[in-house]
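Enquirer: Residue numbers (the numbering used here): 8 to 528.
Virtual Cβ for every residue (Gly too), placed ideally from N, Cα, C.
Keep in mind that this is a model prediction, so the values were computed, not measured.
Shown below is the structure under consideration.
As structure tokens, this is what we get:
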């Protein structure tokens, strides 16, 4: 095997402290002989993992947000990807974790919420491990704090979606490959973890590029050792993918699975998936992508965002520090490709994903957090415009200020999520409590699956198309998520607003406002 390439690391935490603090303050205020840097990092890792888990446990979700989350709940009760429980490919690894919580006594909604909370909470561990390899232990601790209170990563961990649990496996795969320079078996572990991550979300496939590239970081040429590393990772990936794909093939007919996969792929890229084929407006897609990444991902300022002053301060702090962090990233040695991995995934999200679902940018936010933490920990040059004393103190102030500002953005959003049901759940409850389903019909589309869960009697009264006429005494109600509103008006109906259901679009981006009308001729 070729010899490892020498890593050009950033300042170690001890060197950083010696440069920033006065000489009388040491890296360890207890005894440098009794506590090693590895002990300190292990302590920080445990504390921040506990903090992250606690925050997500307290605010864990109680509702199903929409179509996909209801599919997941049905999948907990009876897994069947051929009947959208959940839809293809079935998210088998995520479903297995949720079924474990269900077997321990949690109802389907609670099982999904716990899976997201635990996955999102524990994901801080591989993130800190990967950060330490690139930037050092002190930056890793800062990244862990920023991760724990990040608005997007925290909020999405409270919902009944697969992304937080998938993020745990994805970051674990990247961390395993990042540690493989010590033991080449790490490539095998990285392959297994990435194979399992694909069993949560197939959309993580762009990360195969940096993982494969890591196998060749030992030597600039494709030597025997590099090929052996790639083979280890490939074998691990086959095992990881086989762990969830083989049970699917044994349980369900392969022809039926193939047909379901083809149908799902065609729909995703041509009809409802939100790809650039479905929503081709380049400027609108770019705006949506930046909105997902900035105001949602890091709590930055946006014209309609709440807490504009706090967000403006956070923006003025975050953007320059990201630039500083990228400069450090360029000197981070061979671990840098794992952070640059967000480039291929960003292209995939921008072109192939539904940008109305902000959770699709979660891996990008997670990979930018260590870069931001590195920008905060980088000492300011005494030759800059800052006075020497202030220049030394700035890195010590940036992290607590950033954590405080970020938490002040996140807490109100988490409170709203915990106290206000999603708009479609509000609509289902209102219909159930205020209208007689026996004498009314409902025109909707995206709310159908939610009605099946929260108001099943109304699910049987859903119409796909406007009726030409209604029997005497029956009413036609319409939800604004119906794609047949224009057809309804062409059929001669007029709409009277009955009720509006609203929720902050910074809590739930898709259908954050839903109108209920009564249609009359």
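Answer with buried or exposed for residue 518, where buried requires no fewer than 16 other C-beta atoms within 10 angstroms of its C-beta.
Expert: It is buried - the Cβ of residue 518 has at least 16 other Cβ atoms within 10 Å.
Enquirer: Quick one: what does DSSP say residue 501 is sitting in, helix, strand or coil?
Expert: strand
Enquirer: For the segment 169–179 against the segment 130–148, are there 3 or more C-beta pairs whose distance is under 8 Å?
Expert: yes
Enquirer: Compare the Cα-Cα distances from residue 371 to each of 89, 97 and 356 and report the closest residue.
Expert: 356
Enquirer: Short of 6 Å in beta carbon distance, which residues of its chain neighbour residue 293, apart from the five on each side in sequence? Order them along the chain.
Expert: none
Enquirer: Can you name, in chain order, every residue of its own chain whose Cβ lies under 6 Å from the Cβ of residue 427, other than the five neighbours on each side?
Expert: Excluding five sequence positions before and after residue 427, the CB atoms of its chain that fall closer than 6 Å to its own CB belong to 510, given in chain order.
Enquirer: Return the first residue and the last residue of the beta strand (DSSP E) that residue 525 is part of.
Expert: 520–527
Enquirer: So, under 8 Å CB-CB, residue 119 and residue 79 are touching, yes? Tell me the CB distance rounded to an integer number of Å.
Expert: 5 Å
Enquirer: So, do the segment 159–169 and the segment 362–371 have three or more beta carbon pairs nearer to each other than 8 Å?
Expert: They touch, by the three-pair rule.
Enquirer: Below 7 Å between beta carbons: does that hold for residue 172 and residue 126?
Expert: yes
Enquirer: Would you mind reading off the limits of the beta strand (DSSP E) that contains residue 447?
Expert: 447–450
Enquirer: Could you work out which residue in 327, 403 and 302 is closest to residue 315 when comparing CA atoms only?
Expert: 302
Enquirer: What does DSSP give as the partner residue(s) for residue 508 in the beta ladder?
Expert: 521
Enquirer: Considering only DSSP beta bridges, list what residue 92 is partnered with.
Expert: 87
Enquirer: Hey, is the segment 192–200 in contact with the segment 107–116, meaning 3+ C-beta pairs nearer than 8 Å?
Expert: Taking a contact to require three or more Cβ pairs closer than 8 Å, the segment 192–200 and the segment 107–116 do not qualify as touching.
Enquirer: For residue 515, does the count of other Cβ atoms within 10 angstroms reach 16, so buried, or fall short, so exposed?
Expert: buried
Enquirer: Counting Cβ pairs closer than 8 Å, one from the segment 373–386 and one from the segment 245–253, do we hit at least three?
Expert: no
Enquirer: For residue 485, report the span of its beta strand (DSSP E) as first-last.
Expert: Element bounds for residue 485: 482–486.
Enquirer: Within 10 angstroms of its Cβ, does residue 322 collect 16 or more other Cβ (buried), or is it exposed?
Expert: buried
Enquirer: Using alpha carbons as the reference points, say which of 82, 385, 289 and 170 lies closest to residue 354.
Expert: Nearest of 82, 385, 289 and 170 to residue 354, Cα basis: 289.
Enquirer: Is there contact here, the segment 518–527 with the segment 455–468, by at least three beta-carbon pairs under 8 Å?
Expert: Contact between the segment 518–527 and the segment 455–468 is absent, because fewer than three Cβ pairs lie under 8 Å.
Enquirer: Taking 8 Å as the cut-off, does the segment 434–447 touch the segment 477–489 (at least 3 CB pairs, one atom from each stretch)?
Expert: yes
Enquirer: Less than 7 Å between the beta carbons of residue 259 and residue 144, yes or no?
Expert: Not closer than 7 Å, so no.
Enquirer: So if DSSP puts residue 469 in a beta bridge, which residue, or which two residues, is it bridged to?
Expert: 449
Enquirer: Which value, in whole angstroms, describes the spacing of the CA atoms of residue 202 and residue 97?
Expert: 15 Å
Enquirer: Do residue 207 and residue 100 have their C-beta atoms within less than 7 Å of each other?
Expert: A distance below 7 Å separates the beta carbons of residue 207 and residue 100.
Enquirer: Please report the residue range of the alpha helix (DSSP H) in which residue 161 lies.
Expert: Segment 158–163, the alpha helix (DSSP H) holding residue 161.
Enquirer: Less than 6 Å between C-beta atoms, sequence neighbours within five positions excluded: which residues of the same chain meet that for residue 508?
Expert: 430, 433, 434 and 521
Enquirer: When the distance is taken between beta carbons, is residue 214 closer than 7 Å to residue 348?
Expert: yes
Enquirer: Keeping to the same chain, check which residues put their C-beta closer than 6 Å to that of residue 269; ignore five residues upstream and five downstream.
Expert: none
Enquirer: What does the Cβ neighbour count give for residue 528, buried or exposed, with the cut at 16 atoms within 10 Å?
Expert: exposed
Enquirer: I'd like to know whether the C-beta atoms of residue 183 and residue 200 end up nearer to each other than 7 Å.
Expert: With respect to the 7 Å criterion, residue 183 and residue 200 are classified as neighbours on the basis of their beta carbons.
Enquirer: Buried or exposed for residue 160, please, with buried defined as at least 16 other CB atoms from any protein chain shown within 10 angstroms of its CB.
Expert: buried
Enquirer: Decide if residue 532 is buried, meaning its Cβ has at least 16 other Cβ atoms within 10 Å, or exposed.
Expert: Shown here, the chain extends from 8 to 528; a query on residue 532 therefore has no answer.
Enquirer: When you compare the CB positions of residue 345 and residue 181, do they come within less than 7 Å of one another, or not?
Expert: yes
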